[in-house]
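>
Given below as structure tokens:
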């Protein structure tokens, strides 16, 4: 029973390392910079996030930016051209 519990714990830590394997240092720094400059997160807020939590916030920001860009394109399409 103890071996089974220990293997579950090891699997849990492996999950986070696997989920972050796609990321590299350059991408992490670029993401942090964008979150700080354009979305007003502090570096300490970003660094204190759990990996899955940061992924959720990045996905939410990405969706927000996508919708905003679509709205801007719609407005530009409605404006008369000279």
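In our numbering, the protein residues as written are 1 to 82.
All C-beta atoms in this analysis are idealised placements derived from N, C-alpha and C, irrespective of residue type, glycine included.
Indicate whether residue 32 and residue 25 have their beta-carbon atoms separated by less than 8 Å.
Translated into positions along the chain shown, residue 32 becomes position 32. Translated into positions along the chain shown, residue 25 becomes position 25. Their beta carbons are not under 8 Å apart, which means residue 32 does not touch residue 25 by this criterion.
> Could you check where the alpha helix (DSSP H) with residue 94 kicks off and where it finishes?
Because the chain spans 1 through 82 in this model, residue 94 falls outside it and cannot be assessed.
> Using 8 Å as the threshold, is the C-beta distance between residue 39 and residue 61 below it?
Stepping through the chain shown from its first residue, residue 39 is reached at position 39. Stepping through the chain shown from its first residue, residue 61 is reached at position 61. Yes, the pair counts as a contact, with Cβ atoms nearer than the cut-off.
> With H, G and I counted as helix, E and B as strand and the rest as coil, what does DSSP make of residue 45?
Here the question's residue 45 lines up with position 45 in the chain shown. Correct three-state label for residue 45: helix.
> Taking the straight line between their C-alpha atoms, what separation do you get for residue 57 and residue 72?
The residue you call residue 57 lines up with position 57 of the chain shown. The residue you call residue 72 lines up with position 72 of the chain shown. Between the alpha carbons of residue 57 and residue 72 lies a gap of roughly 22 Å.
> With a 10 Å radius around its C-beta and 16 neighbouring C-beta atoms as the bar for buried, classify residue 78 as buried or exposed.
Walking along the chain shown from the start, residue 78 turns up at place 78. It is exposed - the Cβ of residue 78 has fewer than 16 other Cβ atoms within 10 Å.
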